[in-house]
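According to our numbering, the sequence shown is numbered sequentially starting from 1.
Just so it is clear, CB atoms sit at the ideal spot from N, CA and C, and this is done for glycine as well.
Before any comments, here is the structure.
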Amino acid sequence: MTARNWLLGIAPALAATGAMAAQPAPAGALAAPSEATKKVAECEGEKFEFTAGDTRPTKITLCSDKGADKDDLVRMFESAATKIEQLEKLPQDRRAALVAQLKAKIIEVRARDVFISPLPAAGPPPGIRPEIGPTPEYAQLPPLPLPVRAPVVAAPSLAPGIALTKPNLTLECSTPGEIGEGGPCIAFARDTLLTIRADEALGGDTSLRFVRRGDVRAELALAQMRKGQTRRIRLPSELCAGVTGSNIEIQVVRSAGSAASLGQVVDTRGPYQLRC
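What follows is the structure, encoded as structure tokens:
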């Protein structure tokens with residue numbers, strides 16, 4: 001049975017960066033459409049949904065402003081978490097679950113710029129329309145010179161025989177809302193938080209490569225870290241894309257230059273069971 005919709009009150013600070021709507025509520029609690037409801041329905045930015053509870057679950061929908069950057073999203077999630085914590089009509093366990101999901105999303109958004117993503121496909125050059133070809137030119141031009149074959153340049157690679165040493169890293173796992181720093185990674189779930197601790201100083205030549213059954217799904221470049229420094233990230237969403245469960249490995253990659261993706265696999269952690 002689906003309950004009727006209701007809308008959470010929106011503070012001015014939250015309304016400045018996004019809108020939030022929630023469902024379900026007790027029968028008869030139907031609220032008149034508001035600006036926040038319309039904004040979520042006609043969302044022009046990014047839409048995020050969070051759900052808590054097994055029976056008549058409560059769903060929170062957030063919509064960011066069009067063109068919102070990472071800082072705007074973080075402020076929207078923090079404001080939503082504050083309002084949910086103060087919502088006494090919602091059971092305490094559901095409030096805690098929703099706030100934990102929002103805090104995990106904040107960690108994920110803050111780590112967006114450290115993942116290595118493939119370059120976007122290049123579009124057609126200016127003046128080219130794919131359906132009809134180049135835009136016609138009517139001015140007389142001198143004959144074009146004959147094409148010159150460009151020399152073939154080999155992709156950069158490590159010199160043969162150079163073996164790089166593996167860095168001293170500790171990986172620990174935890175889940176949102178868990179008390180303490182977590183413990184050794186045994187298995188992974190969709191919301192697993194991965195803590196990386198540098199047991200030696202790192203110079204920015206190291207990355208973590210996430211592999212699912214031999215297929216590289218994501219890669220995280222580690223910035224410079226001093227000895228003892230830690231970073232916590234959420235498990236890349238690409239690992240759970242299209243599957244409900246699998247096995248994964250985490251490869252530690254080092255390079256002799258600045259591009260970690262051209263380096264050597266110097267250590268492998270796992271395999272770990274993955275539950276999505």
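Looking at the C-beta of residue i, does it have a partner C-beta in chain C at a distance below 9 Å?
| i | result |
| --- | --- |
| Asp-191 | The chain labelled as chain C is not found in the depicted structure, where only one protein chain is given. |
Who are residue i's beta bridge partners in DSSP?
| i | result |
| --- | --- |
| Val-211 | Val-216, Glu-249 |
| Arg-226 | DSSP output for Arg-226 lists no bridge partner at all. |
| Leu-193 | Ser-174, Arg-234 |
| Ala-163 | Ala-163 pairs with nothing; no bridge assigned. |
| Arg-254 | Thr-206, Gln-264 |
| Glu-49 | Thr-61 |
| Gly-183 | Cys-173 |
| Ala-198 | Leu-169 |
| Ala-221 | Ser-207 |
Name the two residues that bound the continuous beta strand (DSSP E) containing residue i.
| i | result |
| --- | --- |
| Ile-233 | 230 to 234 |
| Tyr-270 | In the sequence as displayed, the identity of residue 270 is Gly instead of Tyr. 264 to 275 is the extent of the beta strand (DSSP E) around Gly-270. |
| Ser-174 | 169 to 174 |
Thinking C-beta only, is residue j closer than 9 Å to residue i?
| i | j | result |
| --- | --- | --- |
| Arg-254 | Leu-193 | no |
| Leu-220 | Leu-208 | yes |
| Ala-163 | Thr-175 | no |
| Ala-198 | Arg-226 | yes |
| Pro-167 | Thr-206 | yes |
| Gly-45 | Asp-65 | yes |
| Asp-191 | Ala-104 | yes |
| Val-109 | Leu-73 | yes |
| Gly-177 | Ala-241 | no |
| Ala-52 | Gln-86 | no |
| Val-243 | Leu-274 | yes |
| Ser-237 | Arg-213 | no |
| Ala-187 | Tyr-272 | yes |
Which whole-angstrom value is the C-beta distance of residue i and residue j, which I expect to be below 8 Å?
| i | j | result |
| --- | --- | --- |
| Cys-185 | Leu-171 | 5 Å |
| Gln-224 | Gly-204 | 5 Å |
| Gly-293 | Ile-248 | A query on residue 293 cannot be resolved here, the shown segment of the chain reaching from 1 to 276 and no further. |
| Thr-58 | Lys-47 | Going by Cβ atoms, the distance from Thr-58 to Lys-47 rounds to 17 Å, so no, they are not a contact pair. |
| Glu-78 | Ile-106 | 7 Å |
| Thr-165 | Val-266 | 7 Å |
Beta strand (DSSP E) runs contained entirely in the region 53 to 100, provided each spans 3 or more residues
If we require 3 residues or more, the beta strand (DSSP E) runs fully inside the region 53 to 100 come out as 58 to 64.
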